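Chemist: Starting off with a structure, shown below.
Protein chains: 4
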Amino acid sequence: MARPRFGLIGTGFIGRAHAIALNAVGAVFADQEAPVCELLADTTVDSAARGARALGFARSTGDWRALVTDRAVDVVDVCTPNHLHREMALAAIAAGKHVYCEKPLANTAREAAEIAAAADAAGVRHMMGFNYICNPLLQLAREMIAAGELGEVYAFRGSYLEDYMSDPAVPWTWRCDRALAGSGALADLGSHLINLGHFLLGGIARVQGSLQTVHAQRRDPASGQLRAVENEDIARALVEFERGLPGTFEISRVGTGYKCGLAFSVFGTRGALEFQQERMNELRHYDAAGPAARSGFRTILAGPEHPDYRPFCPAPGHGLGYNDLKVIEVRNVLRAIANGTPGWPDFHEGVRVQRVMEAIEQSHASRSWTEVPS
Amino acid sequence: MARPRFGLIGTGFIGRAHAIALNAVGAVFADQEAPVCELLADTTVDSAARGARALGFARSTGDWRALVTDRAVDVVDVCTPNHLHREMALAAIAAGKHVYCEKPLANTAREAAEIAAAADAAGVRHMMGFNYICNPLLQLAREMIAAGELGEVYAFRGSYLEDYMSDPAVPWTWRCDRALAGSGALADLGSHLINLGHFLLGGIARVQGSLQTVHAQRRDPASGQLRAVENEDIARALVEFERGLPGTFEISRVGTGYKCGLAFSVFGTRGALEFQQERMNELRHYDAAGPAARSGFRTILAGPEHPDYRPFCPAPGHGLGYNDLKVIEVRNVLRAIANGTPGWPDFHEGVRVQRVMEAIEQSHASRSWTEVPS
Amino acid sequence: MARPRFGLIGTGFIGRAHAIALNAVGAVFADQEAPVCELLADTTVDSAARGARALGFARSTGDWRALVTDRAVDVVDVCTPNHLHREMALAAIAAGKHVYCEKPLANTAREAAEIAAAADAAGVRHMMGFNYICNPLLQLAREMIAAGELGEVYAFRGSYLEDYMSDPAVPWTWRCDRALAGSGALADLGSHLINLGHFLLGGIARVQGSLQTVHAQRRDPASGQLRAVENEDIARALVEFERGLPGTFEISRVGTGYKCGLAFSVFGTRGALEFQQERMNELRHYDAAGPAARSGFRTILAGPEHPDYRPFCPAPGHGLGYNDLKVIEVRNVLRAIANGTPGWPDFHEGVRVQRVMEAIEQSHASRSWTEVPS
Amino acid sequence: MARPRFGLIGTGFIGRAHAIALNAVGAVFADQEAPVCELLADTTVDSAARGARALGFARSTGDWRALVTDRAVDVVDVCTPNHLHREMALAAIAAGKHVYCEKPLANTAREAAEIAAAADAAGVRHMMGFNYICNPLLQLAREMIAAGELGEVYAFRGSYLEDYMSDPAVPWTWRCDRALAGSGALADLGSHLINLGHFLLGGIARVQGSLQTVHAQRRDPASGQLRAVENEDIARALVEFERGLPGTFEISRVGTGYKCGLAFSVFGTRGALEFQQERMNELRHYDAAGPAARSGFRTILAGPEHPDYRPFCPAPGHGLGYNDLKVIEVRNVLRAIANGTPGWPDFHEGVRVQRVMEAIEQSHASRSWTEVPS
C-alpha cells in the first residue's frame, strides 16, 4: 500500500505536535513506513506557507475546504479549536477521507454522534487524538488490570489538574466561550480523563457531577472589558463504571501548581496502581503478595519490556516525552488505515466521552445522579 | 494549680498512645507540668494491672465505673471501642470529671449531641482525640490559609486511605458491626478527614455521598462462619463548605497500598498546599508569585519555626512521629483544663463531625445532596 | 533488679532528647521497666533546677562532679559539648558508674581509647549515643544485608548533609573551635555516618579523605570580631571496608537545603537499598528478582513487622520521629545494664569511629590513602 | 545555505536516536531547516538498506569508507562502537567533512587529541554527542549557577549509576574489552558526567580516583567460556575543579536499581540545585532566601520559559524525553555548521573529557592525586 498522505488543519499547540509526530513516526517504528506530509492548512495563506516550511509539509493552503477535498490527501488531521471540528470532519468524510480528529470530537454529544455516524456510513477510518493513553506505562496498567494482577479491581480515583487559569488575571480566551469551546475544564482536560477511565476499566454508567466556575469574569483582551466565563473551571464527579465499579473524577484548570496533572489510582484486592502524567515515565505498583515487612509501592520506570517503548530506546529509564505519545498515536492511526479496520479510540469513543461530559453537566444542573446514555 | 490526675480507660492501640503521651508531655513542653498517671482501667483486673505497670500508672482497676467516680481522678480519658464512648463519657461527666474522648464521640450524631450537652451543663472541660491536626505542619497550613498566603482559597481535595481491610481474607471484627462501630471507614478514618477539613476551612454545609462495601462478608473468627459486614469500606463525597467552597472526600479502609494516607490539597488563586500523613514531616507549598521559570511545589520540612515543633527538637528536618502528635494533643487538653476555657477540638466538634458523617450516609441512601444540620 | 537511676549532665538539644526518652521508654516498651530520672546537672544551680522541673528529674545540681559520685545515681548520661566528654566519662567510670555518652566519645582517638579502656577495667557498662541506627528500617536494612537479600553486596554510598552553616553569616560557635569540638562536620555528622557504615557492613580498613573549609572565618558573637574556623565544613572520602567493599562518604554542614540528610545506598548483585533520614519512615528496596517489566524501587514504610516499631504503634505507616530513636537507644542502654553484658554501640565503637575520623583527617593532610588502625 | 546532508554510520541504539532526531529537528525548531538524511552506512549492504528504509535515509551502503568520501555527504555522523571512532573521524576529516561523533571521542586521550587537531587543521566543524546537557533544565541550571542565583558555589556531587551489568549472569560484551571499549563505566557513563561537570562548573584540575571491577569474569556468548572483564564496573573519584571547587564523582554500571541515574547536586551559599535524569523534567532548587518556615527544595517542572523547551510544547510540565535531547543536540550541530563557528561540546571537549577519565585511571593505579593535563 502507498504511504498515506496527510492533510493537517491547524498549526497551534496540538497541530505542531501532530506535525512533529508525522515527521518522526517512520524513523521510530522500523516496521512503519513514514506517512507523507502532503498539505497544511492554516487561517491565512502566509501562515500556512510558513507552517508548511517549518513543519515539513510539501504544500500549504489558507483554505481548509480546499484541503479536505484535495485529491492528494488521504487523511485529514483536524487540529483546530473545538467548535470547528464538526464542520471540518463532516466535510472530510463527505470527501471520502479518513479523519483523525483532536479531542473533543464536537461540542455536544449529538454533534459527535452525527460525525461518527457519517464516518461509519462513508466507510472511512476515524481516530481520536487522546494521546495520554498511548503511554507504554498506561498500556502496561491496562494489561495488568485485565490480567488480574491487582486481583478484583473495585475502585478508581482519577484527576486531571492544570493551573493555566488559576490566576484571575489570565485573560478571557475562546476556551471561556461555550459556543466555541463547549464545556471548560471538562472538554479540555476531562475528556482525557474520561477516555483514560474507559481505556482502563470500560464504560461509565452514571455520574453525580458538580461544576464550579471560580472566576466568573475575565478581561477580554480584544475589548479590554470584563467578559463572562461561560463554562466551568472545575468539574467533580462521583461515577459508576458499567462493570459496577465506583470512582471519582476531579478536573480542574485552576489546580494551582499542576502543569499536566493527569493522575489515577486503581485499587484491587491484591494490588494497586498509581500514575501521574508529570512523572509520565513512572508507574507506581503495590503488590499485596509477599511479606508485609517488604511491601510497598514500587516505582516501575518505563523500559523496553513495556508496550511501544523499545522503538524509542532499547535502554530502560531513559524516558519518553509528551511528543512521543503522539508518535505512538499516529502509528495507531496509520495501522487502522493500513488494516482497514477500526482502531481505538475512534469517533465512537469520542461520542462516549462526550456523553459522559454532558451527563456530568446535566447532573450538576439537576443535582441528581444522571445516567450516561449508551 | 495541682497537676491533673488522669484516669485512662482502655489499653489498646490508642490507649497506649495516650499513655505514652501522658508520660512524655511534661518533658517535651518545658512550660507544661506533667500530668499524673493515676488510674488505669481495662477489661479485667489482671490486664489492667499489667497495663498500669507497663504504662506507668499508679493504680489499676478492672471496672471502668470505679474509675470514673474515683476521687483521685480529675480527667477521664476514654480510649475504648466506639460503642462504649457514650456511656463512659456520660458517667464521667455525671461524676464531674473532665473528659478526653477518642473519635468518634459516639455512634450517632444524636448521642454525640447528648454527650456534648451534658458536658456543657456540668461545666467540665471536654476534648476530642483528633491527633492529626496537631501536626506542626498542619498548624502551619491553617495559618497560611487564614493569612491569605494562598490568595482566595476555592477548592479542597481530601482523602484518607488505609488498606487494613483490602484483603478479603481479613477476618470480621467489631469494626464491621454497625452496633459496635457505627459506620465503617467513615467513623474510623473519615472522622479525621472531616475534622481536618473543619480545622483548615470551617464548617461543611452539604454533601453528596456514596458508600461502597467491597467485601460484603468476612469470616468471623469466633464462629468460623461468614458474617455480614454492616458498614462501608469506602465513602466518597462531593462537599460544600459553609464558606461556599466545594471539595471532595475519599475515604477507604480498602485503599490497597496505603497505610496512613490522610491527605489533602487546597487550591487558591495565589498558591496551593498539599500534605500526606505518610510523609507527615513534609508540607508541599506552591507559591504562584515569582517567575514561572523558577516556580514549583516546595517541600517544607517540619522545623522549629513551625508551631509546637521546637519543644521536640531545636533542629529542623529531624522528624516528628505519630506519637508526638498525641503529645501535642495532650498538651492541648492540659491547657484547656488549666485555663478553664473550652479547647478545640471539643465535643461540639465531635458532634459536627458526626453530623457530616451521617449526612454522607443519608445522602448515599437518598442519592441526593443532603444538608448538614448545624 | 532495681530500676536504674540516671544522672544526666547537660540540658541542650541532645540532653533534652535523652530526658524525653527516659520519661517515655517505660510506657513504650511493655517489657521494660522505666528508669528513674534521679539527678540532673547543668552549668548553674538555677538552670539545673529549672531543667529538672521541666524534664521530670527528682533532683538537680550545678556541679557535674557531684552528680558522677552521687550514691543514688547508677548511670551517668553525658550530653555535654564534645571536649567535656573525656573528663566526665572518666570521672563517672572512676566512681563505678555505668556511662552512656553522646557522640563523639572524645576529641581524639587516643582519648577515646583511654576512656574505653578505663570503662572495661572498671567493669561498668558503656554505651554511645548513635541514635540513627536504632531506626526500625535501618535494623531491617542490616538484617536484609546480612541475610543475603541483596545478593553479594559490593558498594556503599553514604552521606550526611546538613546546612546549618551554609550561610556565611552564621556566627562562630564552639563547633568551629578545634579544642572544643575536635573536627567539624566529621565529628558532628560524620561520626553518625561512620557508625552507620559499621552497623551495616562492618569495619573500615582505609580511607582517602579530603577536607574543605568553605567559610574560613566567622564572626564571633562574643567579641564581634571575625574569628578563624579551625575545622572542616565538608569531608569527603573514598573508603574501603575490611570485607573488601569500597564506598564513598560525603559529609557536610554546609549542604544547603538539607536539614538532616543522613543517607546511604547499598548495592548488591540481587538488589539495592536506599535511605534518607529526612524520610526516616521509608526504606527504598530494589529487588532484582522477578520480571524486568515489573521491577523498580519499592518504598517500604516502617511498620509493626519491623524491629522495635510495634511498641510505638501497632499500625504500619503511622511514623516514628527522631525522639523515638532515642527511646529505642535508651532501651538498648537499659538492656545492656540489666544483662550485665556489653551492648552495642559501646565505647569501643566510639573509638573505632574516632579512628576513621582521624584517618580521614590524616589522609587529607598527606593526600594519600591512610590505614585505619585496628 | 543549502540543507546539510548527513551520512550516518551505525544503526544501533545511538545511531537510531540520531536518525530519529534528524527526522524530527526541522519540525520541532521552526527556524531550523531540516537536514537531509542522505546516506546510511551499516556493517552489511542488507542491514544498511533496511536501516535506510526504516530511518528515512535516501541511500545506503555497507562500506563506511564510501560514506565518508561520498560527494553528497556534508556531515559524517559517527555512531559506532568506541574503538572505531578514531579511524572514521579521521577519514571523514580527511575528506573535508564536518564530523559529529558520539562519546567517547576515542579510547585514549592521545587519540582524541589527534582527532581534534586534525579537525581543526582541516577547518571542519566538529561536535560531540553529549546529549544530556541539552536538557532545558540543565541549561537552566547552568544559567542559574552563572548568574549567582546559588550565591558562591562551593561543592559538587555527581553520579551516573546504571545497572545493566549488576547481574553476574549478564554476558561478556565488547564493553568489557579494553581494546574495543577503552575504560568501562568511565567511558560509557563517566564521560557524560565529566562533560556535565564541565558544562556547569568548568574544567577539572585534579582527581583522586578508585576503580572497582565487581565481576572479574563473564561468560562470552561466542565461546561459551568465561572471559576476563578488562575494565572497571565502578569508578569513584574525589575531584577538584579548576575554579577551586571540590567534588565527588561516582560512576557505576552495576548500580543495581538505576536505569539512567545521571545525577548531581550543586551547593552554594545561597542555594542548591539537584537533578536526576530518571526524572529529567524536574530540577530541584533550594533558595536560602526568604523565611526558614517556608523554605524547602522546590521542584521546577520543565516548561516553555526554559531554554529550548517551547519548540517542543508551549505548555509546561508536559515532559520531554530522551530522544528530544538528541533533537536539541542535532540543532546545535546544525547551528555550528551554519554559523561556521565552533559549537560546544566540540572535539576539544571530547579530549578534555578523555583526559579526566585517564587521570582517574592513573590515579587509581598510583593511588595518589593526579593532575589532569590541560
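Protein chains in written order, with the numbering used here: chain A, 476 to 849; chain B, 476 to 849; chain C, 476 to 849; chain D, 476 to 849.
For glycine and all other residues, C-beta sits at the position ideal for the given N, C-alpha and C.
All of these numbers come straight from a predicted model, not from anything done at the bench.
Between the stretch 760–767 of chain B and the stretch 666–679 of chain B, are three or more C-beta pairs nearer than 8 Å?
Modeler: Counting Cβ pairs under 8 Å, fewer than three are found: no touch.
Chemist: Against chain C, does serine 685/D count as a neighbour if the rule is that its beta carbon must be under 7 Å from one of theirs?
Modeler: Interface residue, yes.
Chemist: Please compile the residues from chain C whose C-beta is within a distance smaller than 7 Å of the C-beta of alanine 505/B.
Modeler: The contacting residues are Ala529.
Chemist: Since valine 511/A sits in a beta bridge, which residues does DSSP pair it with?
Modeler: Partner(s): Arg480/A.
Chemist: Take every Cβ of the stretch 541–561 of chain B, pair it with every Cβ of the stretch 500–509 of chain B, and state whether three or more of those distances are shorter than 8 Å.
Modeler: Counting Cβ pairs under 8 Å, fewer than three are found: no touch.
Chemist: Closest to asparagine 610/A by C-alpha separation, out of Ser838/A, Phe772/A and Arg785/A, would be which residue?
Modeler: Selected option, being the one with the closest Cα: Arg785/A.
Chemist: Counting contacts by CB-CB distance shorter than 7 Å, is arginine 694/D in contact with chain B?
Modeler: So, not an interface residue.
Chemist: Name the chain B residues whose beta carbon is nearer than 7 Å to that of threonine 774/D?
Modeler: Result: Gly771 and Phe772.
Chemist: With 7 Å set as the bound, which would you pick, yes or no: does the beta-carbon of threonine 731/C sit closer than that to a beta-carbon of chain D?
Modeler: It does; some Cβ of chain D falls within 7 Å.
Chemist: Tell me, please, whether the CB atom of leucine 675/D is closer than 7 Å to any CB atom in chain C?
Modeler: Taking Cβ atoms only, chain C never reaches closer than 7 Å to leucine 675/D, which makes this a no.
Chemist: I need the straight-line Cα distance from alanine 587/A to phenylalanine 739/D, nearest angstrom please.
Modeler: If you take the alpha carbons of alanine 587/A and phenylalanine 739/D, they lie about 50 Å apart.
Chemist: With 16 as the cutoff for other CB atoms within 10 Å, does glutamate 624/B come out buried or exposed?
Modeler: The residue in question, glutamate 624/B, is buried, as its Cβ has 16 or more Cβ neighbours within 10 Å.
Chemist: Given a cut-off of 7 Å on the beta-carbon distance, is the pair glutamine 687/A and alanine 703/A in contact?
Modeler: No, the Cβ-Cβ distance between glutamine 687/A and alanine 703/A is not below 7 Å.
Chemist: Report yes if the C-beta distance between alanine 541/B and glutamate 513/B is below 7 Å; otherwise report no.
Modeler: Against a cut-off of 7 Å, the Cβ pair of glutamate 513/B and alanine 541/B comes out as no contact.
Chemist: When you compare the CB of histidine 760/A with every CB in chain D, is at least one pair closer than 7 Å?
Modeler: With 7 Å as the cut-off, histidine 760/A does not count as an interface residue toward chain D.
Chemist: Using only the heavy atoms of the ligand GTP, determine whether one of them is closer than 6 Å to the beta carbon of aspartate 521/B.
Modeler: Inclusion of the ligand GTP in the displayed structure is not the case, the ligand content being empty and no account of it being possible.
Chemist: Tell me the residue span of the alpha helix (DSSP H) that contains tyrosine 797/D.
Modeler: That run of the alpha helix (DSSP H) goes 797–814.
Chemist: Nearest chain A C-beta to alanine 767/C closer than 7 Å, yes or no?
Modeler: By this cut-off, alanine 767/C is an interface position.
Chemist: Expressed to the nearest angstrom, what Euclidean distance is found between the alpha-carbon atoms of valine 729/D and isoleucine 489/D?
Modeler: Rounded to whole angstroms, valine 729/D to isoleucine 489/D spans 21 Å at the Cα level.
Chemist: What in chain C is Cβ-close to histidine 781/A, meaning under 7 Å?
Modeler: Near histidine 781/A (Cβ distances below 7 Å), the residues of chain C are Ala768.
Chemist: So for arginine 702/D, helix, strand or coil by DSSP?
Modeler: DSSP places arginine 702/D in strand when its eight states are reduced to three.
Chemist: Give me, in chain order, the residues of the same chain whose beta-carbon lies closer than 7 Å to that of isoleucine 608/C; leave out the 5 immediate sequence neighbours on both sides.
Modeler: These residues qualify, in order along the chain: Asn670, Leu671 and Phe674.
Chemist: Could you name the residues of chain D that glycine 778/B contacts, counting a contact when the two beta carbons are closer than 8 Å?
Modeler: Ala767 and Ala768, listed in chain order.
Chemist: What is the rounded straight-line gap between the Cα of isoleucine 709/D and the Cα of methionine 619/B?
Modeler: Each residue's alpha carbon lies about 47 Å from the other.
Chemist: Answer with yes or no whether the minimum CB distance from tyrosine 629/A to chain D is below 7 Å.
Modeler: No, tyrosine 629/A lies away from the interface with chain D (no Cβ there is under 7 Å from its Cβ).
Chemist: Does DSSP classify threonine 544/B as helix, strand or coil?
Modeler: Here threonine 544/B sits in helix by DSSP.
Chemist: Can you list, in chain order, the residues of the stretch 785–799 of chain B whose Cβ is nearer than 7 Å to any Cβ on chain C?
Modeler: Here the close residues are Phe787, Cys788, Pro789, Ala790, Pro791, Gly792, His793, Gly794, Leu795, Gly796, Tyr797, Asn798 and Asp799.
Chemist: Along chain B, which residues have their Cβ under 9 Å away from the Cβ of proline 643/A?
Modeler: In chain order: Gly626, Glu627 and Thr744.
Chemist: List, in order along the chain, the chain B residues whose C-beta lies closer than 9 Å to that of leucine 713/A?
Modeler: What leucine 713/A touches in chain B: Gln683, Gly684, Ser685, Arg711, Ala712, Leu713 and Thr723.
Chemist: Whose Cβ in chain C lies nearer than 9 Å to the Cβ of cysteine 735/B?
Modeler: Here the neighbours are Leu776, Ala790, Pro791, Gly792, His793 and Gly794.
Chemist: Assuming glutamate 824/A contacts methionine 603/A (C-beta within less than 8 Å), just tell me the rounded distance between them.
Modeler: That pair is a contact at about 6 Å.
Chemist: Can you check which of these residues, Ala712/D, Ala567/D and Val503/D, is closest to cysteine 788/D by C-alpha distance?
Modeler: Selected option, being the one with the closest Cα: Val503/D.
Chemist: Got a sec, what are the start and stop residues for the beta strand (DSSP E) phenylalanine 674/A sits in?
Modeler: Careful: phenylalanine 674/A lies outside any beta strand (DSSP E), inside the alpha helix (DSSP H) at 666–676.
Chemist: Do asparagine 582/B and histidine 601/B have their beta-carbon atoms positioned less than 7 Å apart in this structure?
Modeler: Not closer than 7 Å, so no.
Chemist: So arginine 617/B contacts chain A; which residues on that side make the cut at Cβ distance below 7 Å?
Modeler: Here the premise fails: no neighbours, minimum Cβ distance about 18 Å.
Chemist: Any idea which residues DSSP pairs alanine 747/D with across the strands?
Modeler: Phe742/D and Tyr761/D.
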